[in-house]
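> Residue 1297 is where the sequence shown starts when you use this note's numbering, and the numbers rise one by one after that. All residues carry an ideal CB built from backbone N, CA and C; glycine is no exception. Predicted model only: the values in this text are computed from it and were never measured. The following block contains the structure, expressed as structure tokens.
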Amino acid sequence: MKRWTFPTRNSASTWLLLAWDIPGLRAVVAECGSGGLKVVGEAFSGKADFSAAARDVAAAFAGQGIKLPAKAALASRLVSPVVAELPVAPGKPRPAGQMRELLRPDLETAQAEFSNLWNFGALLAARGHLSADDRARVGMEDELRRENATPLRFGETAMHLGLIGRPAMDECLYLQERLQLLDGDLAIAWNGHASDGQPTWLGCAANAGYYQAWTSALDENGIRLAATLPLAWLAGDAAEGGDAARVSLELHHEEVVAVLRRGGRVVAARAEGRMERPLRGDWLARLAGDWETGGRARLDLLCLYPADEDAAAAVVDELETLAGSPVTLTRADACWQGLWRGLADEADAPSQSARLPRLAEREMREPLLANADFRRTLAVAGVLALLGGIEAAQQVAAMRLEKSAAAKLSQEKNRTQSTQQQLHFNAELEALAKDLDKTRSELAPLLNDRQRLSSIAAMRRHLPDLIQTLARAVGDDAVLESLHNSRSANDATSIKVTAWSPSYSGAQAFANRMAEFSGALGYGVSQTEIVASKGRSDKPGHTVTFWLLPDQDELEAAKS
């Protein structure tokens, strides 16, 4: 078994490192210690579904006698990275919701551009079902059929020529459908730093459904997904660059990604589709040639796949001449060594020292103290606790007074005290009782507010589970549009859910699934409304709206 060792930080830990790309899932188990990062096992699955691929990888490691670690870091090309210009200082980011909205337009564009790379021929080639010559042959056959007015789809033509079978066709149809799913919500992360005094923001995003599926698939194998990063940028990130400017050209399937770094940090990036073109020095030089680097910058040509190595080696001299910079060619094995090291370093780094954006559950959640509603609830709870303390002190004083009164009455009886003295003492007790009644009546509204806020707090404890339940309920027949929490006193524990479906039955099915799933959390679906409406792309469909209401038993538990 091959073992790689290279320097890393001193903290000792073991990681499952994963790379999820169109060809499949690559995995290594790596030990990170004072002696470096050591890869102790490797596995690969060509399954098109991540859950199935994860099970294959787990079985492969079990067959090698390697115990899977408890945490994993994932790099995927389905996580799109961008360099964004934001009017925000890196040291003072906006609240999480505002940062997501500022980055969303650039990230949605990057997701759409990545999806457009993958026509059917590209998928067949990346999955290993067609060679470059076979792909060209199918393209020529398509042209001939168009001239004869008997066109077929690319996959059908490949099947007609006997180059692929039905399983390969179905596999790529599944992938194509997944890649074109662009109208869902996005899981978004960001990382900011200053470059030459200017703010530089790096963002990344993945379809929220994909991210949840990755997390769930690993959780089924007893593994926590600690961090998810874009596969692009990682191979060049691990190379040593010092403070000088450095340009990396990463050769991916169907795309070349150019990245400019200064002081080891990304400051600019761009990508261009390969479009079945052979590698040439002129367009590679153009892709990396107009950045201001302040002198001759080192240029790294990174081959992530062995199929590109010969073509890349053939253009090194031409690229050096045209770019005017020394070019270093890194072959696939060395690229993956660097990529695993970069993934481990970025996944294990504290958030303040990470160089790349990463999707991490603990970092994507907004801190509770940053939430205005939580702060208000906390303040009211403090006031109620203070008032409760005052009431308790008064009750203790009353009990002491009652005991004192009983003792005095006993003494007075023993001394045969006069009736007038007894009446006077009883009058004092009656006045104290009235004062206590008055205090209780003044505290009653606040106690009612405390009960209502307790119900809201109980709802907030269930909120992450409700969000996950919504993610489970959303399927191919519905798209989640919005969530709203009523702020009125009577239904502040209710959540309004709005979704869109291309069909009435899909909308009804989504509402029914949500009713079934939320019941386990003590919530029910109420006031369901389904109306015809157009989707984001003007596609006809139906909008479904309903309220998630806590059951009466849950409300009573919260009050108690």
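1) Where does R1520 fall in DSSP's three states?
2) Output the boundary residues of the alpha helix (DSSP H) element that contains G1359.
3) Is it true that the CB of Y1819 sits closer than 8 angstroms to the CB of L1779?
4) Let me check one thing: in DSSP terms, what residues is P1846 bridge-paired to?
5) Can you tell me whether DSSP reads D1317 as helix, strand or coil?
6) As an exercise, report each continuous alpha helix (DSSP H) stretch of at least 4 residues that is fully enclosed by the stretch 1618-1653, in chain order.
7) Within a Cβ cutoff of 6 angstroms, which residues of the same chain sit near W1843, ignoring the five residues on either side of it in sequence?
8) Quick one: grab the DSSP three-state call for A1828.
9) I want to see whether chain C comes within less than 8 angstroms of G1569, judged by CB atoms only; does it?
10) Considering only C-alpha positions, which residue in the set P1447, R1832, L1525, G1458 is nearest to I1484?
11) Got a sec? Which residues, its chain only, sit under 7 angstroms from T1794 by beta carbon, not counting five neighbours each side?
12) Rounded to a whole number of angstroms, what is the C-alpha to C-alpha distance between V1555 and L1547?
13) Which residues bound the alpha helix (DSSP H) around P1401?
14) Check for me: the beta strand (DSSP E) holding S1797 runs from which residue to which?
15) Along the chain, where does the beta strand (DSSP E) that runs through H1549 open and close?
16) Taking contact to mean 3 or more Cβ pairs, one atom from each stretch, closer than 8 angstroms, check whether the stretch 1556-1574 and the stretch 1596-1604 are in contact.
17) Would you mind working out which of E1550, E1439, A1607, G1620 sits nearest A1584, comparing C-alpha positions?
18) Going by the CB atoms, is the gap between G1337 and F1357 shorter than 8 angstroms?
19) From the DSSP output, in three-state form, read off N1487 for me.
20) If we ignore side chains and look at the alpha-carbon of each, how far apart do A1857 and G1505 end up?
21) Quick one: give me the first and last residue of the beta strand (DSSP E) that D1479 is part of.
22) Name, in chain order, the residues that DSSP records as bridge partners for L1674.
23) Quick one: using the 10 Å Cβ neighbour count with 16 as the cut-off for buried, is Q1407 buried or exposed?
24) Return helix, strand or coil for T1446, following the three-state DSSP convention.
25) In three-state DSSP terms, what is K1363?
26) Nearest to A1422 by alpha carbon, out of G1480, S1814, R1373, P1389?
27) Am I right that G1499 and L1420 are in contact with their C-beta atoms under 8 angstroms? What's the rounded C-beta distance?
28) Would you tell me roughly how many angstroms separate the C-alpha atoms of V1543 and R1557, rounded to the nearest one?
29) Alpha helix (DSSP H) containing S1801: first to last residue?
30) Does I1763 pass the burial test, meaning 16 or more other C-beta atoms within 10 Å, or should it be called exposed?
31) Cβ atoms of A1628 and P1602: under 8 angstroms apart, would you say?
32) With a cut-off of 8 angstroms, do at least 3 Cβ pairs link the stretch 1380-1394 to the stretch 1342-1354?
33) Kindly indicate which three-state DSSP category F1766 falls into: helix, strand or coil?
34) Note down, in chain order, each residue of its chain lying with its Cβ closer than 8 angstroms to the Cβ of D1849, except the 5 sequence neighbours on either side.
35) Evaluate A1729 with the Cβ neighbour count: other Cβ atoms within 10 Å of its Cβ, from every protein chain shown; 16 or more gives buried, anything less gives exposed.
Considering the structure as presented:
1) Stepping through the sequence shown from its first residue, residue 1520 is reached at position 224. It is a strand residue.
2) Walking along the sequence shown from the start, residue 1359 turns up at place 63. First-last of the alpha helix (DSSP H) with G1359: 1346-1359.
3) As a first step, residue 1779 must be located in the sequence shown, where it is residue number 483. As a first step, residue 1819 must be located in the sequence shown, where it is residue number 523. Contact flag unset, no.
4) Position 550 of the sequence shown, counted from the start, is the residue given in the question as residue 1846. In the DSSP output, where bridge partners are listed per residue, P1846 has Y1819.
5) Mapped onto the sequence shown, residue 1317 falls at position 21. Looking at D1317 - three-state DSSP - the assignment turns out to be strand.
6) 1628-1644
7) Residue 1843 sits at position 547 when you count from the first residue of the sequence shown. Hits under 6 angstroms: S1790, K1792, S1822, Q1823.
8) Taking the first residue of the sequence shown as 1, we reach residue 1828 at position 532. In the structure shown, A1828 sits in a strand (DSSP, three-state: E or B).
9) The chain labelled as chain C is not found in the depicted structure, where only one protein chain is given.
10) Mapped onto the sequence shown, residue 1484 falls at position 188. Ranking the options by Cα distance to I1484, first place goes to L1525.
11) Counting from 1 along the sequence shown, the entry for residue 1794 is found at position 498. Counting only Cβ-Cβ distances below 7 angstroms, and skipping sequence neighbours, we find E1777, S1778, T1839, T1841.
12) Reading the sequence shown from its first residue, position 259 is the one you call residue 1555. Reading the sequence shown from its first residue, position 251 is the one you call residue 1547. Computed Cα separation, rounded: 12 angstroms.
13) Sequence index remark: in the sequence shown, residue 1401 carries index 105 (1-based). Its alpha helix (DSSP H) spans residues 1392-1412.
14) Along the sequence shown, one-based indexing puts residue 1797 at 501. Per DSSP, the continuous beta strand (DSSP E) segment holding S1797 begins and ends at 1791-1797.
15) Translated into the one-based positions of the sequence shown, residue 1549 becomes position 253. That residue, H1549, is in no beta strand (DSSP E); it is neither H nor E in DSSP.
16) Taking a contact to require three or more Cβ pairs closer than 8 angstroms, the stretch 1556-1574 and the stretch 1596-1604 do not qualify as touching.
17) To locate residue 1584, count along the sequence shown from 1; it is residue 288. Of the listed residues, the one whose Cα sits closest to A1584 is G1620.
18) As a position in the sequence shown, residue 1357 is number 61, starting the count at 1. As a position in the sequence shown, residue 1337 is number 41, starting the count at 1. In contact: F1357 and G1337 (Cβ atoms closer than 8 angstroms).
19) The count along the sequence shown starts at 1 and reaches residue 1487 at position 191. Three-state DSSP puts N1487 in a strand.
20) The question about residue 1857 has no answer here: the residues shown for the chain are numbered 1297 through 1856.
21) For the purposes of this step, residue 1479 is taken as the residue at position 183 of the sequence shown. Per DSSP, D1479 belongs to no beta strand (DSSP E) and is neither H nor E.
22) Position 378 of the sequence shown holds residue 1674. Paired residue(s): none; L1674 is not in a bridge.
23) Indexing the sequence shown from 1 puts residue 1407 at position 111. So Q1407 counts as buried.
24) Indexing the sequence shown from 1 puts residue 1446 at position 150. Here T1446 sits in coil by DSSP.
25) Here residue 1363 is taken as the residue at index 67 of the sequence shown, counted from 1. Correct three-state label for K1363: coil.
26) Counted from its first residue, the sequence shown places residue 1422 at position 126. Among G1480, S1814, R1373, P1389, the Cα nearest to that of A1422 belongs to R1373.
27) As a position in the sequence shown, residue 1499 is number 203, starting the count at 1. As a position in the sequence shown, residue 1420 is number 124, starting the count at 1. Not quite, the Cβ-Cβ distance comes to about 31 angstroms (not below 8 angstroms), so this is no contact.
28) As a position in the sequence shown, residue 1543 is number 247, starting the count at 1. As a position in the sequence shown, residue 1557 is number 261, starting the count at 1. Straight-line Cα distance between these residues: approximately 6 angstroms.
29) Along the sequence shown, read from residue 1 onward, the residue named residue 1801 stands at position 505. 1800-1814 is the span of the alpha helix (DSSP H), which, as asked, contains S1801.
30) In the sequence shown, counting from the first residue as 1, residue 1763 sits at position 467. Flag for I1763 reads exposed.
31) For the purposes of this step, residue 1602 is taken as the residue at position 306 of the sequence shown. For the purposes of this step, residue 1628 is taken as the residue at position 332 of the sequence shown. Yes, Cβ-Cβ distance for P1602 and A1628 is below 8 angstroms.
32) The stretch 1380-1394 vs the stretch 1342-1354: no contact.
33) Locating residue 1766 in the sequence shown gives position 470, counting from the first residue. Going by the sequence as given, residue 1766 is Leu instead of Phe. Residue state, collapsed to three classes: helix.
34) As a working note, residue 1849 is residue 553 in the sequence shown. Confidence is the limiting factor: at D1849 the pLDDT is only 48, short of 50, which leaves the residue's position unreliable, though a coordinate-based value still follows. G1818, listed in sequence order.
35) If you number the sequence shown from 1, residue 1729 lands on position 433. Classification for A1729: exposed.
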